[in-house]
Amino acid sequence: MENSAKTVYRFQGNLYINLTNRCPNACVFCMKTKFSMVFNGYNLNLEGKEPCAEDVLKEICRQTQEAPVGEIVFCGYGEPTMRLETLLQIASTLKEKMAKGEYPKTPLRLNTLGLGNLVYGRDITGDLAKVLDSVSISINSPEQEQWLKIVRPLPQYRENGYKSVLEFIKLLAQKMDNVVVSIVDKQGIDAAKTKALAESLGAKFRLREFI
Ligand code: SF4
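Counting in this note's numbering, the sequence shown runs from 54 upward without gaps.
This is the structure we're talking about:
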C-alpha cells in the first residue's frame with residue numbers, strides 16, 4: 054500500500070480523481086468505512102488536504118504520459134460536487150486542452166449522489182453539462198423511505214433530499230445524453246422499479262455489482 058494520499062489513481066484503464074473525502078451522506082455500505090479509505094492499494098484518505106485544480110491537472114497529465122486513459126472519472130472517496138468549483142475548473146481546462154490538441158480526447162464522467170442542487174441552493178446541472186460527457190448518479194432506491202435508510206443524509210438534507218435528487222436527474226437529463234441512474238445489485242433494492250423511475254426522468258439505468 055502507498056502511504057501518501059492519491060488524488061489521481063488508475064483503475065481498469067481509467068483515471069479516477071479524488072477531490073474530497075467530504076460527503077453529505079453516510080451510506081450504510083460506504084467504502085470509506087469498508088476499505089478503511091484504501092482501494093486497490095491506493096490510500097485515498099486526504100486527511101483534509103484537498104488538492105487544488107493545478108496539482109490535479111499536473112498529475113492527470115503525468116499519468117496520461119505513462120499509459121493511455123479510457124475515461125477520467127470524478128469519483129472520490131467522498132462526493133466530488135462538494136468541490137464544485139475545482140471540479141469545473143479541472144474539467145473545463147481539460148476540455149480546452151483537448152480542443153487545442155494538447156491533451157488526448159478523453160470522456161469526462163462524474164459519479165455523484167445527486168444532492169448538488171440542494172447543497173448549493175441552486176441548479177448546478179447547467180454548469181456540469183457544459184464540461185462533462187456523462188454523469189452517473191447513485192440513487193440507491195426508487196423510494197424515499199428506503200433512500201433515507203440506505204444513504205443516511207445529514208439532517209439538513211433529510212426532508213427534501215430525495216425530491217432534490219430526482220429533480221437533479223431530470224434537469225441534467227434535459228441537458229445531456231449520458232445521464233445514468235444506478236443502484237447496487239443484490240442489496241434488496243427494486244431494480245425494475247428503479248429502472249422505470251430513471252427512464253421516467255429521462256435517464257438511463259445501470260445495475261452495479263456489489264464490490
Ligand atoms: S455517497 Fe459515497 S462517499 Fe458518501 S457516504 Fe455514500 S458511499 Fe460514502
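Where a beta carbon is used, it is the ideal one built from N, C-alpha and C, also for glycine.
- Short note on A244: C-beta not closer than 7 Å to any heavy atom of the ligand SF4.
- Take L161, set aside five residues on each side of it, and the residues of its chain with a beta-carbon closer than 6 Å to its own are I125, A144, L185 and D186, in chain order.
- Judged by DSSP secondary structure, Y173 falls outside any beta strand (DSSP E) and instead within the alpha helix (DSSP H) spanning G169 to Y173.
- With a cutoff of 8 Å on beta-carbon distance, P195 and K148 are scored as not near each other.
- One Cα belongs to I236, the other to G255, and the distance between them is close to 16 Å.
- The DSSP-derived three-state label of R115 is helix.
- Nearest neighbour of G123 by Cα position, chosen from D243, T159 and K228, turns out to be T159.
- Restricting attention to G94, E132, T60 and L141, the CA atom closest to the CA of C114 is found in T60.
- Cα atoms of F82 and V172: separation of roughly 22 Å, rounded to the nearest angstrom.
- Contact annotation: C128 and Y69 have beta-carbon atoms nearer than 8 Å.
- With respect to R75, E132 sits close: the two C-beta atoms are nearer than 8 Å.
- Per the DSSP secondary-structure output, L161 pairs in a beta bridge with I125.
- Here the C-alpha atom of V232 lies approximately 30 Å from the C-alpha atom of K102.
- For the 8 Å CB-CB criterion, N78 and L219 do not form a contact.
- Excluding its 5 nearest sequence neighbours in each direction, A249 has C-beta neighbours in its own chain below 8 Å: P195, listed in chain order.
- Between D180 and L224, the gap from beta carbon to beta carbon reaches 8 Å or more.
- Using a cutoff of 7 Å, the CB of G131 counts as near the ligand SF4, since one of the ligand's heavy atoms is closer than that.
- Selection G94, F92, N67 and S57 evaluated against E119 yields N67 as nearest (Cα-Cα).
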